[in-house]
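Each protein sequence line maps, in turn, to chains A and B. So that you can map any letter, position 35 of the first sequence is 35 in the working numbering, and since no number is skipped, the others follow by simple counting. Going from the second sequence to the working numbering is simple: count from 1 and add 159. By construction, the Cβ of each residue, glycine as well, lies at the ideal position given by its N, Cα and C atoms.
2 protein chains.
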Amino acid sequence: MSAKQPLGFDAHDHSACITDGVAAADDYCTRLGVQLTPVRRRVLEILLEAHRARGAYEILDILRAEGLGAQPPVAYRALDFLTKHGFVHKIERLNAFIACAHPGQSHAAAFLICRSCEAVAESMGQGALDGPAAAAGFQIESEVMEAEGLCPKCREDTP
Amino acid sequence: MSAKQPLGFDAHDHSACITDGVAAADDYCTRLGVQLTPVRRRVLEILLEAHRARGAYEILDILRAEGLGAQPPVAYRALDFLTKHGFVHKIERLNAFIACAHPGQSHAAAFLICRSCEAVAESMGQGALDGPAAAAGFQIESEVMEAEGLCPKCREDTP
DNA sequence: TTGATAAACGTTACTCTATAACATATCAAC
DNA sequence: GTTGATATGTTATAGAGTAACGTTTATCAA
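Structure, rendered in structure tokens:
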């Protein structure tokens, strides 16, 4: 079994992910007049630190250790806020959360989840269910698209 | 690509859904030499009775009332079996389960979930994530595609 | 500046979802 | 009939999520 790789599938300047992610949230909140409070900011940072999904209770443990909140609602409220405003996505398959890789851009998010190293890549897959929905007369309000399998790195490492 | 009409929102001979679903499972299990035990058969029937998703504990309540099992693992084991063999799908968005509308046919299942009446339609959407996955060198093993919104009936009823 | 209002936080307590672990039973094959 | 695989029964617990309440903090208007 291969080691967990904290980055996405591609090598990239990861410090920029965190900096840019928080900056984008900051700008957005200022423009809309909503608050990026310490707990919300910290939760976003925690999720930006890794290109993998983290459970609400895993996040809560970190918050608790840092004195930012000890009970589940603290984590869930921050996650709700960040999700509502598009900075965080929920991975339904994992009951876990991940920072958005394209903050600010409206998009139907799709995810590729590696079952070996737990890396998660976000793709801006557009409306895969639009065809069937139109045929059925169904009005889509939100979409979940998630694939589980092996990332390029783990395909080599684990034959 | 021709969009197939998803099953579930339209009127149809529903008794055939149950009969055919159980018969298909029976045939399959006979051919593969696996057992469609009373609990497994009953769970499949329960899910075939409605084109909506039911939680494991909702199913368990029925099993318990019928003397077929009282503890969670009983329901989860039956659901695992049925899911593994393709007779039941899990709706990740709802943490619930639904009978497969196309038993026996290998397919990547996609679901349209009505938030008003809770009806769930299954569409045989094929490989919506194939493109992004190929581009990333990602090997897909399983896929989740779920859309939530309003079904045709509820669009009229709830304007 | 103060008072009203909304937004956010802190905590308790609980529900729902899911599985680990172990004992018992059933059935097929040798 | 013993063995090994498969399935069930049960206890206990872990993990995920929320309702409800009171307190605090921010925002904005008078």
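Asked, Found
"What do you reckon, are the CB atoms on B:I250 and B:E305 nearer than 8 Å?", "yes"
"Mind checking A:L32: buried by the 16 CB within 10 Å criterion, or exposed?", "exposed"
"Going by beta-carbon coordinates alone, are B:I272 and B:L241 separated by less than 8 Å?", "no"
"If I follow the unbroken beta strand (DSSP E) through B:F168, where does it start and stop?", "Here B:F168 belongs to no beta strand (DSSP E), and DSSP marks it neither H nor E."
"Determine the burial state of A:E143: buried for a count of at least 16 other Cβ atoms within 10 Å of its Cβ, exposed for fewer.", "buried"
"Whether or not the segment 95-109 of chain A and the segment 42-55 of chain A are in contact is what I'm after, with contact meaning three or more pairs of Cβ atoms, one per stretch, closer than 8 Å; do they touch?", "yes"
"Going by C-alpha to C-alpha distance, which of A:L129, A:K153, A:V43 and A:Q71 sits closest to B:M283?", "A:L129"
"In three-state DSSP terms, what is A:G21?", "helix"
"When the Cα atoms are used, what is the spatial distance from A:E148 to B:F246?", "20 Å"
"Buried or exposed: A:V34, going by 16 or more other Cβ atoms within 10 Å of its Cβ?", "exposed"
"Anything in the segment 278-307 of chain B with a Cβ closer than 7 Å to a Cβ of chain A? List those residues in chain order, please.", "A280, S282, G284, A287, L288, P291, A292, A295, G296, F297, Q298, I299, E300, S301, E302, V303, M304, E305, A306 and E307"
"When Cβ atoms are compared, which residues of the segment 53-83 of chain A fall closer than 9 Å to chain B?", "none"
"If you measure beta-carbon to beta-carbon, which residues of the segment 252-270 of chain B are closer than 7 Å to chain A?", "R252 and A269"
"Alpha carbon to alpha carbon, how far is A:S15 from A:H85?", "22 Å"
"What three-state label does DSSP hand A:E66 in the structure shown?", "coil"
"Which residues in chain B have a C-beta closer than 9 Å to the C-beta of A:C151? List them in chain order.", "A295, G296, F297 and Q298"
"On the DSSP letters alone, give me the boundaries of the beta strand (DSSP E) that B:F240 sits inside.", "Here B:F240 belongs to no beta strand (DSSP E); instead the alpha helix (DSSP H) covers P231 to K243."
"I'd like to know whether the C-beta of B:F246 is nearer than 8 Å to at least one C-beta of chain A.", "no"
"So, under 8 Å CB-CB, B:A184 and B:P262 are touching, yes? Tell me the CB distance rounded to an integer number of Å.", "7 Å"
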